[in-house]
Amino acid sequence: MDLRERIAQMQEQINEMTAAHADEIEQLRIKYLSKKGEITSLFNEFRNVPNEEKREIGQLLNQLKEEATSRINTLKEQYDEAVSNASKADLTRTPDPIKLGTRHPLSLVKEEIIDIFSRIGFTVAEGPEIEDDWHVFSALNFPPEHPARDMQDTFFIEKHPDILLRTHTSSVQTRVMTSQKPPIRVLCPGRVYRNEAISARAHCFFHQVEGLYIDKNVSFADLRQALMYFAKEMFGPDTKIRLRPSYFPFTEPSAEMDISCNICGGEGCGFCKHTGWVEILGCGMVDPNVLEACGIDSKEYSGYAFGMGVERITNLKYRVKDLRMFSENDVRFLNQFKSC
Ligand code: DAH
Numbered sequence: 131m132d133l134r135e136r137i138a139q140m141q142e143q144i145n146e147m148t149a150a151h152a153d154e155i156e157q158l159r160i161k162y163l164s165k166k167g168e169i170t171s172l173f174n175e176f177r178n179v180p181n182e183e184k185r186e187i188g189q190l191l192n193q194l195k196e197e198a199t200s201r202i203n204t205l206k207e208q209y210d211e212a213v214s215n216a217s218k219a220d221l222t223r224t225p226d227p228i229k230l231g232t233r234h235p236l237s238l239v240k241e242e243i244i245d246i247f248s249r250i251g252f253t254v255a256e257g258p259e260i261e262d263d264w265h266v267f268s269a270l271n272f273p274p275e276h277p278a279r280d281m282q283d284t285f286f287i288e289k290h291p292d293i294l295l296r297t298h299t300s301s302v303q304t305r306v307m308t309s310q311k312p313p314i315r316v317l318c319p320g321r322v323y324r325n326e327a328i329s330a331r332a333h334c335f336f337h338q339v340e341g342l343y344i345d346k347n348v349s350f351a352d353l354r355q356a357l358m359y360f361a362k363e364m365f366g367p368d369t370k371i372r373l374r375p376s377y378f379p380f381t382e383p384s385a386e387m388d389i390s391c392n393i394c395g396g397e398g399c400g401f402c403k404h405t406g407w408v409e410i411l412g413c414g415m416v417d418p419n420v421l422e423a424c425g426i427d428s429k430e431y432s433g434y435a436f437g438m439g440v441e442r443i444t445n446l447k448y449r450v451k452d453l454r455m456f457s458e459n460d461v462r463f464l465n466q467f468k469s470c
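The numbering of the sequence shown is this note's numbering, which starts it at 131 and goes up by one.
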């Protein structure tokens, strides 16, 4: 390749030169302009150029050297400017845009329930999700043949028929009663599991908040008063409650509580199936058998208990139609629950 072509080729390389760091710029200077650099070596070959071409080639070489020098200087200036701009930037600023997370609706409602009951002296107690039969069923007066023990309802741990995923937070009552002395006033929030087919209306796990109050002379009137206070705080001061007789193995008497439908205000609508009432929880006076099984003297003490589904209360407050939404982690759903 003759000298003219090599000069043209090097000119192209110089036009395309880029560098992001001072080191790279220095490498380019060494590559082209140092004593052993490629442009310098072209100059060394200049003496072999025939006389009649010396003038033209000499001009081309000088031009190449000038352009390489000026390109390298430009790269240096650009780099220095970028460095000085960067030092002016506030590197402690958080990147923009920053997306704020939102609380999960079940957490919001659970915390609201806890907050309401903490104002009348309840504290929070927690227990394990993997439990044994005694804490979930036997201590709570479930007879051995009770259908809730059936494999259809309960997830048992394989090969350990005594170990299971708790089906209700009432198991935490058992733990509190066997480890604390009355007066006891606790709220037990947590996740529970049942062997249900997943659909819009049922899930194999959901959340409950359990309440337990044990002291001398606790009466059904105390239970009713606490629940009425809760309903009005949660759903508004015009909310009415009604207690219907029911059955749970661990309470006697037992009841289910309805509140006046918070959608139609009790007039009757599709949501309350035109009854004006919606069920929100189960409750009752702790069965003396349960107190005795947990080592509490049932002649000296009495108590009430209640249990509610957090999903149920959340549906009433926010009208979530499909239970599966709670566990799908779809941000379009979660973003609607802005908390402050
Ligand atoms: N454990 C019951 C359930 O899972 C709810 C419940 C009802 C809890 C009555 C209670 C109670 O403490 O007194 O359906």
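Using N, Cα and C, we set each Cβ at its ideal position, and we do this for glycine too.
Keep in mind the model is a prediction, meaning the values are calculated, not measured.
- Query: Can you give the Cα-Cα distance for H234 and V440, rounded to whole angstroms?
  - Reply: Inter-residue distance for H234 and V440 is about 12 Å (C-alpha atoms, whole angstroms).
- Item | Within 8 Å, strictly: CB atoms of F155 and L191 | It should be noted that the sequence gives Ile, not Phe, for residue 155. No. Outside cutoff.
- Query: My guess is that I169 and F176 are in contact by the Cβ rule of under 8 Å, so how many angstroms apart are they, rounded?
  - Reply: Wrong, their Cβ atoms sit about 11 Å apart, outside the cutoff.
- Message: Buried or exposed, going by whether 16 or more other CB atoms sit within 10 Å of the CB of H290?
- Response: By the neighbour-count rule (16 or more Cβ atoms within 10 Å), H290 is not buried but exposed.
- Could you tell me if C470 is buried or exposed, where buried requires 16 or more neighbouring beta carbons within 10 angstroms of its beta carbon? Any reading at C470 must be qualified, since the residue scores a pLDDT of 44, below 50, and its modelled position is unreliable; the value itself is stated next. Exposed, because fewer than 16 other Cβ atoms sit within 10 Å of the Cβ of C470.
- Query: In three-state DSSP terms, what is R374?
  - Reply: Secondary structure at R374: strand, using DSSP grouped into helix, strand and coil.
- R113 and E259: beta carbons closer than 8 Å? Only positions 131 to 470 of the chain appear in the structure, and residue 113 is not among them; the question remains open.
- Message: Is H298 a contact residue of the ligand DAH, with contact defined as CB to any heavy atom under 7 Å?
- Response: Yes; taking the cut-off as 7 Å, the Cβ of H298 has a heavy atom of the ligand DAH nearer than that.
- Item | Helix, strand or coil at C470 according to DSSP, with G and I counted as helix | With a pLDDT of only 44 at C470, under 50, the local geometry of the prediction cannot be trusted, and the value read off the model is given with reservation. C470 falls in the coil class under three-state DSSP.
- Message: Please state the DSSP three-state secondary structure of A216.
- Response: Here DSSP, grouped into helix, strand and coil, assigns A216 to helix.
- Under the three-state reduction of DSSP, which class applies to L163: helix, strand or coil? Here L163 carries a helix assignment [DSSP, helix/strand/coil].
- Provide the residue span of the beta strand (DSSP E) that contains P319, from first to last. I314 to Y323 is the span of the beta strand (DSSP E), which, as asked, contains P319.
- Task: Confirm, please, whether the CB-CB distance from V416 to T381 is below 8 Å.
- Result: In this structure, V416 lies closer than 8 Å to T381 by Cβ.
- Task: Check whether the Cβ atoms of I410 and M438 sit closer than 8 Å, and answer yes or no.
- Result: When the beta-carbon positions are compared, I410 and M438 come within less than 8 Å of each other.
- Message: Quick check on S349: does DSSP put it in helix, strand or coil?
- Response: If DSSP states are grouped into helix, strand and coil, S349 belongs with coil.
- C-alpha gap between I293 and P418, whole angstroms: Rounded to whole angstroms, I293 and P418 show a C-alpha spacing of 26 Å.
- Message: Distance check for N465 and P273, CA to CA, integer angstroms please.
- Response: It is roughly 45 Å from the alpha-carbon of P273 to the alpha-carbon of N465.
- Query: Distance, Cα to Cα, L353 vs F436?
  - Reply: The alpha-carbon atoms of L353 and F436 are separated by roughly 9 Å.
- Proximity test, F267 beta-carbon vs the ligand DAH heavy atom, cut-off 7 Å: At a threshold of 7 Å, F267 does not count as near the ligand DAH, since its beta carbon sits no closer than that to any of the ligand's heavy atoms.
- Item | Distance, K229 Cα to V115 Cα | Nothing in the structure corresponds to residue 115, since the chain is present only between 131 and 470.
- Query: Hey, V316 and L357 are a contact pair by Cβ (cut 8 Å); roughly how many whole angstroms apart?
  - Reply: Not a contact, Cβ separation roughly 16 Å.
- Message: Between G414 and the ligand DAH, is there a pair consisting of the residue's CB and a ligand heavy atom that are separated by less than 7 Å?
- Response: Checking every heavy atom of the ligand DAH against the Cβ of G414, one is found closer than 7 Å.
- Just tell me which of V408, F467 and V302 has its CA closest to the CA of V420. The candidate whose alpha carbon is nearest that of V420 is V302.
- Task: Please find out if some non-hydrogen atom of the ligand DAH comes closer than 7 Å to the beta-carbon of Q338.
- Result: In terms of side-chain proximity, the C-beta atom of Q338 is found nearer than 7 Å to a non-hydrogen atom of the ligand DAH.
- Task: Specify the secondary structure class of Y434 as computed by DSSP and reduced to three states.
- Result: Y434 falls in the strand class under three-state DSSP.
- Item | Classification of P367 by the beta-carbon crowding that lies within 10 angstroms, buried from 16 upward | A residue is called buried once 16 or more other Cβ atoms fall within 10 Å of its Cβ, and P367, having fewer, is exposed.
- Query: What residue does the beta strand (DSSP E) around M415 start on, and which one ends it?
  - Reply: Where M415 is concerned, the enclosing beta strand (DSSP E) starts and stops at W407 to V416.
- Message: Distance check for P227 and K165, CA to CA, integer angstroms please.
- Response: Cα-Cα distance, rounded: 51 Å.
- Measure the alpha-carbon distance for N174 versus E207 and round it to whole angstroms. Rounded to the nearest angstrom, the two C-alpha atoms are 30 Å apart.
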